[in-house]
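**Student:** The listed protein sequences derive, respectively, from chains A and B.
Take the first sequence: its letter number 322 is residue 327 in this note's numbering, and every next letter is one higher.
Take the second sequence: its letter number 423 is residue 433 in this note's numbering, and every next letter is one higher.
Virtual Cβ for every residue (Gly too), placed ideally from N, Cα, C.
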Amino acid sequence: MAGIIEIYPKVFRADAKQTVHIKTEGVEKLRPLTAKVQPMEKYDVPHSPEFRLESEEQRYPYQRLKDLGDGVFALEYEFKGEQRYSFKVRYDGVEICSTFLYSVEPDLAELRSFKCETHCHSCRSDGSGTPFEVACAYRAAGYDAMALTDHGWIEPSYEARDAIAPLTDDFRVFPGEEVHNEWSYYHVVHFGGNYSVNNLIRDKKEYIEAEIEKLLASRDFSDVSDPPSAAFRAVIAQEIRNAGGVAVMAHPYWEVQGEYFMPTEEFLHHWRRGDFDVLELFGGNDAVGNGNNLAEILRGELIAEGCRIPVLGASDAHVTKRKCGFDYFDLQFSVVFAKDFDGIPEALKNEYAVAVERRPEDGRFRCAGKYRLVKYARFLIREYYEPFAKLAAVHSAALAERDGAKIAAAEADIAAFRKRFFAF
Amino acid sequence: MSNQVFNYLVTPSVVRADEETAVTIRPLGENSAFRRGCVYSLEIRERDALCARWDGFPTCKYELEPNEAGELVFRHRFRGEQRHTIILRRPEEDLRSPYYEINNHRKKRPDNCAAVLAVYSLAPDLYGLRCFKGETHCHTYESDGMQDAVHTVANYRAAGYDFVALTDHFTSYASEKAKRVFASAPVAMTMLLGEEVHVPTERIHTIHLGGESSVNDWFRAHKEQAEAEVAALALTLELPDGIDREDYAWRVWIANKSRELGGLAILAHPFWIWEEVYFIPPAVTRQLLRDGVYDALDLRDYDMEPAVALREEVRAEGVKIPVVGSTDSHRTEAAEPKLPAPGGYTFVFAPDRSEASLLSAIRAGNSLCVKTDCAPEFVFGPYRLTKFARFLLDKFYPVYMRLCHGQGTLMADYPAEGAPDPQVETLLGGLNERSERFAKEFYGY
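1) Does the contact criterion of 3 or more C-beta pairs under 8 Å hold for the region 31-46 of chain B versus the region 136-145 of chain A?
2) Measure the alpha-carbon distance for Y107/A versus K15/A and round it to whole angstroms.
3) According to DSSP, simplified to helix, strand and coil, what is H218/B?
4) Could you tell me which whole beta strand (DSSP E) segments of length 3 or greater appear in the region 129-201 of chain A?
5) When you compare the CB of K120/A with every CB in chain B, is at least one pair closer than 7 Å?
6) Would you please verify whether the beta carbon of D58/B is less than 7 Å from any beta carbon of chain A?
7) Which ranges would you report for the alpha helix (DSSP H) in the region 216-278 of chain B if only whole runs of at least 4 residues count?
8) Could you pull the start and end residues of the alpha helix (DSSP H) that C48/B belongs to?
9) I'd like to know if L303/A contacts chain B, where contact means its C-beta is closer than 7 Å to some C-beta of that chain.
10) Is it true that the region 154-174 of chain A meets the region 218-237 of chain A, where meeting means three or more beta-carbon pairs spaced less than 8 Å apart?
11) Starting from the Cα of V160/B, find the closest Cα among P316/B, E443/B, T342/B and give me that residue.
12) Would you tell me roughly how many angstroms separate the C-alpha atoms of E433/A and H400/A, rounded to the nearest one?
13) Ignoring anything shorter than 3 residues or poking outside the region 161-205 of chain B, list the beta strand (DSSP E) runs there in chain order.
14) Output the distance between the C-alpha atoms of V209/B and I290/B, rounded to the nearest integer angstrom.
15) Under a Cβ-count criterion, where at least 16 other Cβ atoms within 10 Å of its own Cβ denotes burial, should Q235/B be classed as buried or exposed?
16) Give me whichever residues DSSP pairs with R26/A in a beta bridge.
17) Note down, in chain order, each residue of its chain lying with its Cβ closer than 6 Å to the Cβ of S53/A, except the 5 sequence neighbours on either side.
18) Need the endpoints of the alpha helix (DSSP H) that S401/A sits in, please.
19) Using the three-state DSSP reduction, which class does M6/A fall into: helix, strand or coil?
20) Quick one: which residues of the region 141-156 of chain B get their C-beta closer than 9 Å to a C-beta of chain A? List them in chain order.
21) For G295/B, which three-state DSSP category applies?
22) Helix, strand or coil for L307/B, going by three-state DSSP, please let me know.
23) I'd like to confirm something about P316/B: is its beta-carbon nearer than 6 Å to some heavy atom of the ligand ZN, or not?
24) Less than 7 Å separating the beta-carbons of T382/B and G428/B?
25) Provide the residue(s) that pair with Y107/A in DSSP beta bridges, ordered along the chain.
26) Select from the region 243-257 of chain B all residues with a C-beta closer than 7 Å to any C-beta belonging to chain D, and list them in chain order.
27) List, in chain order, every chain B residue whose beta-carbon is nearer than 8 Å to that of L172/A.
28) Which term fits I217/B, buried or exposed, when burial requires 16 or more other beta carbons within 10 angstroms of its beta carbon?
29) Tell me F334/A's beta-bridge partners as DSSP assigns them.
30) Could you tell me how far apart the beta carbons of E145/B and H179/B are, in whole angstroms, since I believe they sit closer than 8 Å?
31) Quick one: grab the DSSP three-state call for H415/B.
32) Per the contact definition of three or more C-beta pairs closer than 8 Å, is the region 336-348 of chain A in contact with the region 280-295 of chain B?
33) Taking only beta-carbon atoms, is F388/B less than 7 Å away from chain A?
34) What's the C-alpha gap between N376/B and A449/B?
35) How many Å lie between V25/A and A319/B at the Cα?
36) 7 Å is my cut-off, CB to CB: does A1/B come that close to chain A?
Written as structure tokens, this is what we have:
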């Protein structure tokens, strides 16, 4: 059947004339093709009493496509500002293709997007699957990067990293751990650092206690009911930073036996003082939808106060295989915008990440973060990550087999897809 | 939702923070009745405190026998503004099923735990306010809706709404009719004047909520005057490049006129995607919010996340943006095709449900947008109200909505003109008295 095979690229630089390519099959039946690009945000039309929305077509008329041969057609268009565009192709007045394009300002054009998991577990703590299996599961779901954050130790993330790193440069496993005190009540996620803070707590107990005492003596804790708790969390966060990692406030509104994991007063205390680098805004531990709601609302109020609260989404998955329960796997994640893999930790800290939550009941996504990134991430989730996940699944299977030739072939396909999708 | 709301009534369920209050736990059926002579244990936990302090796990427990009325009564000082979990345990001689429910999960009882109940303690400024559920944007047969004014209002009451504004395109006729028909109906529901203002054309959609008369009508009667006022206003506006001055002036004029006529101006669905285009260019929406043109933003939108993120950014600049929620519904019968619009409603926290109190509360930011196209609901607005609302959604509304359902059925029998059937009026009064009694017992005020 004749039709459109592919539209490429789909993401363009803003404020520059560029070419959209339309690859077809059965072209002899489809000539002449026309197409229109319609910006979503900029009318560029003065108001008038006669103006009605129905006149869109007059303002954005279909244009005849240039035939480049071999079934490929082209349309030149000047993309204005940062926004989404509707792109439609017609043959003989009948719409045969409808999709979306996006243009980004120069700063975003310099960055790649990475689908990331920053909080999950393996069988090395209370999850299921070996670190390598968990990493492959994430790659199969279209992730670009992840950190395994098992309870109490960083070594499982090293195990995953060391298994993946020799196989591919296109999927990165970062070091990670969920940091606890001795009796495991306090949970702080450590993403990407150089050594284990859990080990530090175990091996240098006196040092940590001295740091807590020092902080208690130097800071006003009158806004919290239990200063040692708040001081301990702040010290953990600082030690994560000392280790070169990102200190993530994990699931503050996780409901433990009918109570919030972290009292609001402590949430406020830490963010007003910038103790943590990033807030796990959307987390998997939210059985009744209460926690993610309250975290988002309280973050909004603190931002209005002038606080800066970078966000991420993380599933805290303990299971990655459907037959084993599949709890929160791939329901929450982050889309991070960074120059390269090495830039991901800094991007998380600098608010270049969008927290994403997928509703299992209908597959719809909810995103939170900076306004322009939210808009762009929503476009990428649908237009880029859905097709990308299919390629990543092939890559994952090759990784699981540790088959160098298959890995190289899958990476070549991914590179080609990426190159065609982005005009830069 | 915990089924305990249908097994026990905790009265009051809303208490003053940091003051000792007598709380009664009333069993609502044989399955939850207390046995005379047995001693029941209550454990109270503060949800928004520390479930584990650095130095241990604090608990507060009471041992109680039922009183003459078969109820458990205890006095407790509920600390701070938060939800308190009350774990009720039965003694060995009065055990029920070996399972209990918490947060929608069926769990085996670790011991003789019988029920997980809750109380919410409020600081003085919120204590005394009731939560009213409302619709601020919907349509009837008077424009492009499917039901008439009476049926539409009745269906909202059946869903537990306390106030409704019918906001038909170009006209406040339906809302005025609803006010007239139910003026003396014995039902605790407030009808507000409402309309969707399309002045000077359908290009602009603004919700005019409450007030005395229609902006659409005023425009039709004084078109030349309005145009002259807008032209003059346009000259005074300071706007960034790329924003159409005349278009912007009309939006400001409509908002001002809505307030002049006694109502509120609400920014409706700026992120409605019409033919793949946002209904209002986001740059214009941002400027409208920055300038405080409207009294509230209807945050429930067709493309809601950009609306939420944009509001957050503008709030970070120091701008206060009260919110409401709505459905923009054009039909209210469940049997009809599902609405394409994402659903929502408004919670207003006010001392009473009079029009003046509701409008004043929205203007002051004491309102929430509740998004309902997800499970469970997602709430947007001030944090303290959001937390309280989530408690109400869990413990109050399941019962209240059930009690309102019959009232809606009876309201549908009201004639558009003339006196209602006295029997219908009597029955409605009885059901209304029941829901009001429950609300009073729940809130304690």
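**Tutor:** A quick look at the data gives this:
1) no
2) 6 Å
3) strand
4) 150-152, 177-179, 181-184, 193-196
5) no
6) yes
7) 225-231, 233-246, 255-270
8) C48/B -> no alpha helix (DSSP H), and no H or E assigned at all.
9) yes
10) no
11) T342/B
12) In this structure chain A extends from 6 to 429, so residue 433/A is not present and cannot be described.
13) 173-175, 200-202
14) 15 Å
15) exposed
16) Note that residue 26/A is His in the sequence shown, not Arg. Partner(s): Y13/A, A79/A.
17) Residue placement at S53/A is poorly supported in this model, since its pLDDT is 46, which falls under 50; the coordinates are not used for a value here.
18) 391-406
19) Only weak support is given to the placement of M6/A: the predicted model assigns it a pLDDT of 46, under 50, and the value that follows is read from those uncertain coordinates. In this structure, M6/A counts as coil in the three-state DSSP scheme.
20) none
21) What sits at residue 295/B in the sequence shown is Thr, not Gly. Here T295/B sits in helix by DSSP.
22) strand
23) As for the ligand ZN, it is missing from this structure, which has no ligand bound.
24) no
25) V16/A, R89/A
26) The question asks about chain D, but that chain is absent: this structure's protein chains are A and B.
27) Near L172/A there are no residues of chain B at all, since even the closest Cβ is about 36 Å away, more than 8 Å.
28) buried
29) Beta-bridge pairing links F334/A to no other residue.
30) Going by Cβ atoms, the distance from E145/B to H179/B rounds to 16 Å, so no, they are not a contact pair.
31) helix
32) no
33) yes
34) 19 Å
35) 30 Å
36) Any property of residue 1/B remains undetermined from this structure, which presents chain B solely from 11 to 455.
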